[in-house]
Structure formats: C-alpha cells, structure tokens
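Written below as structure tokens is the structure these notes are about.
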Amino acid sequence: MTESNNPVSGTSGSPIPDTPISSPIEDNSIIGKMFPGKKRYAILCIAVLGLAALLANVLVFGFGLICMTEERFHWHEYNISLGLDVFEKIDFDVRNIDIDLSLPTTTTTQASFIKFPDFDINFKTPSIGFNSATFDIATKHPEIFGKILKTIVVEGSKLALDQAGKALDPRKFDFNKLRNGLNFSSFDISIVDQFKRQVLEKLDLIKDLPDGTNLTEVRPPRIDDIEVNDITWKGDIKGRVKIIDKAADFSYTQTERAVLLSIAGIGALLGFLPMNLFINRIGVRKTVTIAGVVSAFVTATVPLSAYFGFYILMINLALIGFAFSCTFPAIAAITEKWSVKTEKSLYYSLLTLSVPLGAVMSYPFGGVYCRSFLGWEYLFIVAGFVTIFTTFIFCLKYRNNPGESVWITIHEQRLIDNGKVIDGRKRHSNVPIPRKQIFTSPSVLSLWIASFAIFVSFSFVFLTGPQILHNQRKLCIYSTGFVLTITALICFILKAIFANRFPTLFMTVNWTEHKRATIFVAVSLICACVFLNIIMLSHILDETMAVVHTIVFVFLALVSLTLASTGIFRSLPVISQQHSQFVSLGIQATAGLALFIVPTIYELTLNTCIIIGFAGILSVIGAIFYYLKSNPATPCDFTGVEQTTLPSPSKEQSKPIIKSDLERSEN
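So for the sequence shown, the numbering used here puts the first residue at 2; every next one is plus one.
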C-alpha cells in the first residue's frame with residue numbers, strides 16, 4: 002500500500018513513442034466478432050462479472066435475513082364479546098393538541114340535550130341515529146361515553162389537519178357513523194393497543210377458536226399479531242388474529258439484526274488496505290480469484306454458520322465484506338493495465354458497472370427460494386455456486402498484463418501500451434505516493450464525499466430495501482425481489498449508456514467540459530435528494546398507494562444517483578492519473594462505511610425517515626462540494642510529480658522477466 006505501480010510490459014523506462022500501428026489481423030472467433038479489434042473490452046466484461054459477484058454476496062444477506070426470520074402464518078377473523086366493562090378499562094385521555102372544540106353560540110330546536118364533562122354536544126335526535134345500545138352506555142357510563150366522543154373528534158381533526166391542512170369542525174362531525182359502534186381508525190395507536198391487550202387476554206383464556214384452530218400450538222399470539230377493526234356499544238370487538246403455521250428458523254433481537262446487516266461493512270473497512278497490498282504484491286488475477294473463492298465458500302455456508310450460532314454467522318458475514326473490499330483497488334489496477342491511455346475514464350467507469358450488476362445478481366430468485374420446497378438455504382448456496390463460476394471464468398481468461406493474454410493481438414497490445422511507461426520489472430518503476438497532497442486535494446475530497454452520498458443511498462435501497470418493502474410496505478416476497486432486480490437492471494443499462502455518452506452531454510451549450518461535468522453531477526445529486534425526501538410523504542397514503550409511491554420515487558432517486566456516479570467515476574482517472582489506485586482506496590472506504598452505517602441506523606431506529614434524511618443531506622453536501630471544489634477535467638497538482646527510479650539499462654536486473662508478444666514479433 003506504500004507504493005503505486007505503473008503498468009509495465011517492455012524494457013525501457015520511458016513512454017513508448019507514438020509509432021505507426023499496423024492494421025489488425027482479422028479474427029473470425031466469437032470473441033473477435035463481438036469485440037472486433039477491441040478484445041480488451043471482453044476482458045472488461047469478465048472483470049465486471051467477477052467483481053459483481055463479490056458485491057452480490059454482501060447484498061444477498063439483506064434479502065436472506067427476511068426468509069430466515071419470517072414466520073409462516075394465516076389470518077383468522079374473530080368476533081369477541083368483552084362486555085361494557087371494556088370501556089372502563091381504557092384510558093381515553095387524548096393528546097393535548099390545539100384544536101377548536103367550541104360549540105355554536107345558537108342552537109336549533111332540539112328534542113333532547115345531553116351534556117358530558119368538558120364536552121357539550123347539541124344534536125337533533127333523528128339526525129344522530131344512535132340505537133338502544135348507544136343510549137345504554139351513554140346513560141350508564143356518561144363520562145366514558147363523553148371521552149369516547151371527544152377522542153373521535155380530536156383524533157379525526159388531527160387526521161384532517163395532517164391530510165388536508167385544515168382542522169375538522171366538531172359541529173359538522175357526522176355522528177351517524179357511530180350508530181353501531183366505533184371504528185378504530187379514528188383512535189390513536191396507544192388507545193388501540195389497550196383494546197388489543199384486552200383481546201389478547203381473552204384469546205389467552207379461550208386457547209382454541211370455535212373452528213378448532215389452536216392459537217398457541219406454535220407460539221402464543223402477541224399484541225402485534227392482533228388487528229382490531231371496530232367495536233359495538235355492547236363491547237363486541239371484530240378483527241383478525243395471526244395464526245402461526247410454522248415458526249421462524251431463527252429469531253434475532255433488533256440489535257443482533259443491526260450487527261448482522263452491518264458486519265459486512267466492517268469487514269470491507271478492515272480489508273481494503275490489505276487487499277490493496279495483495280494487488281500490488283501478487284497481482285489482480287490472484288487477489289480477485291482468492292477473494293472470489295473465499296466469498297463463494299462463506300456465502301454458501303451461511304445457513305450452516307447460522308445453525309452454529311450468532312457469532313459464527315457474524316464472522317462469516319465479515320469475511321464476505323472482507324472479500325468485497327478488493328473491488329475498487331482492482332478496478333483501478335485493471336484500468337491501468339488494460340485501457341488505452343485515451344480511454345481510461347471510459348474503461349474505469351464501465352468497470353464500476355459491477356456495482357449495479359451485483360444488485361441485479363442478488364435478488365432474482367430470492368422469493369422463489371424463500372417460498373418453495375427448496376428453502377431459503379438455497380438462496381445462499383446458489384449465490385456461492387454463481388460466485389465460483391464467475392471467479393473461474395475470471396481466473397481462466399484474465400491476465401495481469403495484456404501481453405500474456407491469448408486474446409490480445411500485437412496490434413491491440415501496441416494500442417494499450419502506446420504512451421505508457423513500461424519496464425520489465427514493475428518494482429523498479431515505483432513512484433512515491435503524495436498522501437498529504439491527495440488527502441488535502443479539493444477535487445479528491447469532493448469526489449470521496451459525493452461517492453459516500455451515493456453509496457449511502459445505494460445501501461439504503463439494496464441492503465435495507467428488502468426489509469422496508471416487505472416488512473413495512475407489506476409487499477410480498479416475490480414482488481420485493483422482482484422490484485429490486487428490475488430497478489438495479491435499469492440502473493445498470495443507464496450507467497452503461499451514459500458512461501459512453503457522458504462527454505457529449507450538453508455539447509450544444511457553450512460551456513467548458515469542467516462546467517458541464519460539475520453541473521451535471523451536482524444537479525443529479527440534488528434531484529436524488531428531492532426524490533428521497535418525497536418518499537417520506539408515503540405515510541399519508543393508503544397501503545397500496547404507499548407501496549407504489551415508494552417504488553416510483555426510489556427508482557427516480559436511483560436513476561439520478563446512477564447518472565451522478567457515472568460522472569464521478571469518469572473523472573477519477575483524470576484527476577488522479579498514476580495515483581488512481583490510491584484514490585480508489587478512498588472510494589472503497591466510502592462503500593464499506595455506507596454498508597456499515599445504513600443498516601445500523603435503520604435496524605436500531607426502524608425509522609426510514611432518519612436514514613432517508615441522512616442520505617438526502619449527504620447528497621446536497623456532495624453536490625455543493627463537487628460543484629465548488631471539483632475540477633473533473635484537469636489532473637490534480639500532485640499528479641505532476643514524476644519520480645521514476647529506474648536502474649541502468651546495462652544492469653541485469655533491468656531485463657524483462659517475460660518477453661511480450663510485441664518483442665517476440667520484433668525479434
């Protein structure tokens with residue numbers, strides 16, 4: 002990690018001169034036809050696939066945790082009589098809110114007048130439509146009846162105030178709705194829970210329902226398993242209760258869930274420096290291969306480690322994060338070795354397609370495994386086998402130097418090496434890394450801040466998103482996996498398109514390249530912030546519309562973030578030049594930090610508004626910093642320091658270890 006390596010494949014220590022390049026020989030193979038004259042992009046596709054599997058294994062646990070801890074159940078409707086004394090046990094004291102409960106100064110001709118403590122109601126007898134049971138509780142329990150009516154009006158007014166911005170006028174309240182009883186949608190959740198507890202006590206006494214269903218065969222019902230719809234004035238409550246058919250395979254506390262979901266982020270934070278050291282010492286091919294094998298093994302054994310205990314599972318998940326931590330250092334190293342000098346920005350940006358592709362690979366069949374006879378265990382087993390396959394392909398076809406690949410012709414190798422510093426032994430082309438200058442560079446800092454904002458939103462959607470859509474929005478497990486997969490796939494396609502077309506954006510506008518890039522990224526981040534904050538308004542909608550609202554604006558936010566990330570990652574090779582691998586370490590650190598922070602905040606608070614607000618604020622900060630401080634079209638000052646210490650050409654150690662195809666052809 003202490004040194005940065007320039008790509009090497011020849012014998013001199015100076016850039017290859019810009020010499021005429023001969024025409025390529027026609028290649029009729031499948032790869033040759035798919036990538037005519039540009040087989041380096043076939044290597045890029047293989048690298049994207051291999052790196053994507055490492056991230057997919059991190060994300061798949063967010064979906065798998067649902068299946069591991071989910072109970073199989075069905076709903077059973079009930080009608081339980083608790084009698085009039087149920088009202089005496091309820092505390093109807095309502096919240097102290099500022100609502101005008103004043104009565105009219107004049108009243109109409111009326112057949113009767115009832116006065117309750119602290120609350121007067123004037124009405125015509127025919128208009129209210131109360132039945133005999135209503136008057137029974139009104140006469141026997143006038144104080145309770147008065148509190149009930151006051152609760153309904155106050156809570157109804159609060160609801161109207163939230164939805165329409167105008168308080169409900171109690172003089173216009175439709176009391177005809179109270180003919181047969183109360184609907185619990187008018188009550189505060191604390192009052193509803195009091196009724197639920199009484200229902201739960203009643204269910205605990207009867208044990209068996211009239212149809213013979215045993216309520217406690219798997220486990221006794223909890224207060225969260227009970228829904229109450231309405232209650233008559235006689236104390237008859239209607240609702241439904243959750244009957245557990247199969248207990249969850251595992252049960253974790255809220256803190257344990259937070260640890261399990263965030264531990265991969267800790268593994269990534271612990272691993273990015275050692276992984277970078279491995280890349281410098283043994284090369285990208287061996288490092289990614291080892292990481293892939295480790296990730297595949299520990300992912301496939303997640304079910305087994307879960308049965309061994311919480312701490313074994315925690316270590317297992319940390320190793321998955323550790324394996325993922327090689328991603329961005331590897332992307333930078335692959336770009337240095339395989340890209341043409343003029344295509345570095347495009348090549349680096351396309352390699353980051355491994356991020357949305359990893360999300361695509363995580364969820365397609367998650368719901369199927371959770372609900373089928375195969376079981377949730379196969380979600381992890383299949384993910385492990387997919388990783389083994391992608392790692393095998395990567396190891397088989399990828400080489401650390403283009404000259405070692407059978408796919409690369411002499412013509413294409415000349416294109417790749419043209420203008421680069423080459424040397425037979427890479428340890429002799431080491432350049433000291435100006436760490437202080439990098440850490441204080443405004444362009445680098447703005448890039449890291451913006452990337453952190455992007456990864457926070459990415460983790461919110463793809464790591465905690467399954468929990469939110471399924472547990473909070475009540476989306477079925479099949480639809481949850483489908484929605485996340487399609488969203489990630491669209492982001493993948495958009496990123497692939499814009500990575501190539503980004504330089505041509507706003508070409509008709511008379512702006513400099515720097516201004517176009519900074520404005521595009523900043524506006525994309527601001528749009529993401531707006532869309533994320535609109536998601537928080539879903540609580541005022543009904544259940545179905547809340548799901549649609551959440552999905553639509555999550556999708557729009559991700560599209561905005563995808564466009565922003567395209568611009569950010571294209572600028573990294575430009576501003577960092579030969580130190581792109583070191584700057585990429587910062588990108589990897591932001592990814593690990595986001596994978597740790599987001600699930601921790603969500604699981605400990607179970608409040609999506611907090612994490613959405615956090616992501617939105619970061620997006621705004623990232624946009625401001627990137628617009629004001631970044632210079633994506635110009636290399637940073639620290640890149641101008643070139644201190645290449647090469648031995649004399651006459652010495653033995655300066656001779657190349659392996660002759661390239663280019664040298665053999667010249668001999």
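Note that beta-carbon positions come from the ideal geometry of N, C-alpha and C, so glycine has one too.
Looking at His550, Pro365, Gly293, the one whose alpha-carbon comes closest to that of Leu320 is Gly293. Here the C-alpha atom of Phe493 lies approximately 40 Å from the C-alpha atom of Asp246. Assignment of Gly84 by DSSP, reduced to helix, strand and coil, places it in the coil class. Of the other Cβ atoms in all chains shown, 16 or more fall within 10 Å of the Cβ of Cys528; this residue is therefore buried. Under the Cβ criterion (8 Å, minimum of three pairs), the stretch 51-61 counts as touching the stretch 349-369. Restricting attention to Leu470, Gly65, Ser82, Leu314, the CA atom closest to the CA of Gly236 is found in Ser82. For Asn230, the enclosing beta strand (DSSP E) has its first and last residue at 227-233. Every unbroken stretch of the alpha helix (DSSP H) spanning 4 or more residues and falling wholly within the stretch 274-362 is given here in chain order: 303-309, 311-325, 328-339, 345-352. In the DSSP annotation of this structure, the continuous segment of the alpha helix (DSSP H) that includes Gly593 starts and ends at 581-606.
Looking at the DSSP output, Lys247 sits in a beta bridge with Arg73. Contact between Leu594 and Phe453 holds, with the beta-carbon distance rounding to 7 Å and staying under 8 Å. Contact annotation: Ile332 and Ala48 have beta-carbon atoms nearer than 9 Å. Nearest to Ile190 by C-alpha distance, out of Ile224, Asn215, Thr353, Trp377, is Ile224.
Between the stretch 465-476 and the stretch 325-340 there are fewer than three inter-stretch CB-CB distances shorter than 8 Å, so the stretches are not counted as touching.
The criterion of a C-beta distance shorter than 9 Å is not satisfied by Arg220 and Glu78. Pairing Arg436 with Ser444, the inter-Cα distance amounts to about 14 Å. In the displayed model, Pro443 falls within a helix according to three-state DSSP. If you ignore the 5 residues before and after Lys90, its C-beta comes within less than 8 Å of the C-beta of Gln195, Gln199, all in its own chain and listed in chain order. Look at Lys239 here: in three-state DSSP terms it is strand. Ala307 and Trp377 have their C-alpha atoms spaced approximately 12 Å apart. Close CB contacts of Ile552 within its chain, under the 7 Å cut and outside five residues either way in sequence, are with Val484 (chain order). For the options Gln255, Asn80, Tyr348, the alpha carbon positioned closest to that of Asn501 is the one of Tyr348. Taking Leu50 as the centre and dropping the five residues before and after it, the same chain places the C-beta of Thr391 closer than 6 Å to its C-beta, in chain order.
Taking 9 Å as the cut-off, the Cβ atoms of Phe639 and Ile439 count as close. By the CB criterion at 9 Å, Met537 and Cys477 fall outside the cutoff. The three-state reading of DSSP puts Tyr79 in strand, counting E and B together. Take Ala565, set aside five residues on each side of it, and the residues of its chain with a beta-carbon closer than 6 Å to its own are Val522, Ser525, Leu526, in chain order. If you draw a straight line from the Cα of Val575 to the Cα of His550, it is about 39 Å long. Membership of Ser566 in the alpha helix (DSSP H) is indicated by the continuous run 544-577. For Trp377, the three-state secondary structure derived from DSSP is coil. The stretch 296-305 makes contact with the stretch 372-389, as at least three CB pairs between them are under 8 Å. Of the residues assessed, Ser442 falls on the buried side of the cut-off, its CB having 16 or more other CB atoms within 10 angstroms. Under the criterion of beta carbons closer than 8 Å, Lys40 and Glu337 do not qualify as touching, at roughly 18 Å. Between Phe311 and Leu261, the gap from beta carbon to beta carbon is short of 9 Å. The stretch 272-288 and the stretch 603-621 do not touch, with fewer than 3 CB-CB distances between them shorter than 8 Å. Taking the Cα positions, Ser460 is about 31 Å away from Leu397.
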